[in-house]
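Trainee:
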Amino acid sequence: MTLRYPALVPGVLLKRYKRFLADVRLDDGREVVAHCPNTGSMKAVNVPGARVWLSPSDNPKRKLAWTWELIALPQPDGTQALASVHTGRTNRIVEAALDEGSVAPLAGYATLKREVKVEGARLDFQLSDPARGSAYIEVKQVTLKEADGHGYFPDAVSVRGTKHLQTLARLAQAGERAVLLFC
1 MTLRYPALVP
11 GVLLKRYKRF
21 LADVRLDDGR
31 EVVAHCPNTG
41 SMKAVNVPGA
51 RVWLSPSDNP
61 KRKLAWTWEL
71 IALPQPDGTQ
81 ALASVHTGRT
91 NRIVEAALDE
101 GSVAPLAGYA
111 TLKREVKVEG
121 ARLDFQLSDP
131 ARGSAYIEVK
141 QVTLKEADGH
151 GYFPDAVSVR
161 GTKHLQTLAR
171 LAQAGERAVL
181 LFC
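Everything in the sequence shown is counted per the UniProt record's numbering, starting at 1 for the first residue and increasing by one.
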């Protein structure tokens, strides 16, 4: 699966603060303030000294010229894994995977709809097919990584996440295909 990011600029995370801000030292030595689009606690990915990648913006209406996109996290086997911290990209990553059939249990549906209202909630995707019916999908971004190398959700109390899970449970109890997909 290929998802194109904007040109990314590497650096090192100095600190994250006030939920929306992160100080980063770029590889060219400049220290910049980047917008952090993930408002969660991000306890496991708020790692000063970690390698990060930012996307630049030349939009004069933006307060900050940089957005924090990715962070490299150490794994138990000594390798590094990339984690996305940009919540706005998560659904695009999943949509690209669904379009390409990369999520095998969800491959082969005829149509995909985004942001579908169901029972007073808005779910991320609905896949439909005349022969298979529908699959309702809610996507959650995983930013909690434990020492075992596994990712977990949520990293903090999530009222909205609970509502989505309850909606999916009701759909499943009614015989619909309901999927909670972690990315």
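C-beta atoms are modelled at their ideal positions from N, C-alpha and C, and glycine is treated no differently.
Report the residue from 38, 119 and 130 whose alpha carbon sits nearest the alpha carbon of residue 70.
Mentor: Locating residue 70 in the sequence shown gives position 70, counting from the first residue. It is 38.
Trainee: Leaving out five residues before and five after residue 34 in sequence, what residues of the same chain have Cβ atoms less than 7 Å from its Cβ?
Mentor: Mapped onto the sequence shown, residue 34 falls at position 34. Cβ neighbours of residue 34 beyond the five flanking positions: 22, 24, 54, 64, 66, 67 and 68.
Trainee: Following the continuous beta strand (DSSP E) through residue 7, name the residue where it begins and the one where it ends.
Mentor: Working through the sequence shown from its first residue, we reach residue 7 at position 7. From DSSP, residue 7 is part of no beta strand (DSSP E); its letter is neither H nor E.
Trainee: Given a cut-off of 8 Å, decide if residue 113 and residue 125 are closer than it, judged by their beta-carbon atoms.
Mentor: Numbered from its first residue, the sequence shown carries residue 125 at position 125. Numbered from its first residue, the sequence shown carries residue 113 at position 113. Going by C-beta atoms, residue 125 is nearer than 8 Å to residue 113.
Trainee: Could you tell me which uninterrupted beta strand (DSSP E) segments, each at least 3 residues in length, are contained entirely in the region 76–137, listed from first to last along the chain?
Mentor: Taking only runs of at least 3 residues, the beta strand (DSSP E) segments lying wholly in the region 76–137 are 80–84, 111–118 and 121–129.
Trainee: Is residue 177 helix, strand or coil when you go by DSSP?
Mentor: Taking the first residue of the sequence shown as position 1, residue 177 is located at position 177. Strand, per DSSP.
Trainee: Under 8 Å, do residue 134 and residue 176 count as touching if we go by C-beta distance?
Mentor: Against the sequence shown, residue 134 aligns to sequence position 134. Against the sequence shown, residue 176 aligns to sequence position 176. Yes, the pair counts as a contact, with Cβ atoms nearer than the cut-off.
Trainee: My output table needs one value for residue 167: the three-state DSSP class, helix, strand or coil.
Mentor: Working through the sequence shown from its first residue, we reach residue 167 at position 167. Helix at residue 167.
Trainee: Using the C-alpha atoms, what's the distance from residue 45 back to residue 13?
Mentor: To locate residue 13, count along the sequence shown from 1; it is residue 13. To locate residue 45, count along the sequence shown from 1; it is residue 45. For residue 13 and residue 45, the distance between alpha carbons rounds to 10 Å.
Trainee: In the DSSP output, which residue or residues are listed as bridge partners for residue 26?
Mentor: Walking along the sequence shown from the start, residue 26 turns up at place 26. Per DSSP, 11.
Trainee: Here's the rule I'm using: 16 or more other beta-carbon atoms within 10 Å means buried, otherwise exposed. How should residue 100 be labelled?
Mentor: On the sequence shown, position 100 is the one that residue 100 refers to. The residue in question, residue 100, is exposed, as its Cβ has fewer than 16 Cβ neighbours within 10 Å.
Trainee: To the nearest angstrom, report how far apart residue 42 and residue 141 are at their CA atoms.
Mentor: Mapped onto the sequence shown, residue 42 falls at position 42. Mapped onto the sequence shown, residue 141 falls at position 141. One C-alpha to the other measures close to 11 Å.
Trainee: For residue 119, count the other beta carbons within 10 Å of its own beta carbon; 16 or more makes it buried, fewer makes it exposed. Which is it?
Mentor: Against the sequence shown, residue 119 aligns to sequence position 119. Exposed.
Trainee: For residue 51, which beta-bridge partners are listed by DSSP?
Mentor: Taking the first residue of the sequence shown as 1, we reach residue 51 at position 51. According to DSSP, which records beta bridges pairwise, residue 51 is partnered with 12.
Trainee: Please confirm whether residue 47 and residue 26 have their CB atoms less than 8 Å apart.
Mentor: Start at 1 with the first residue of the sequence shown, and residue 47 comes out as number 47. Start at 1 with the first residue of the sequence shown, and residue 26 comes out as number 26. It is not a contact, given that the beta carbons lie outside the stated cut-off.
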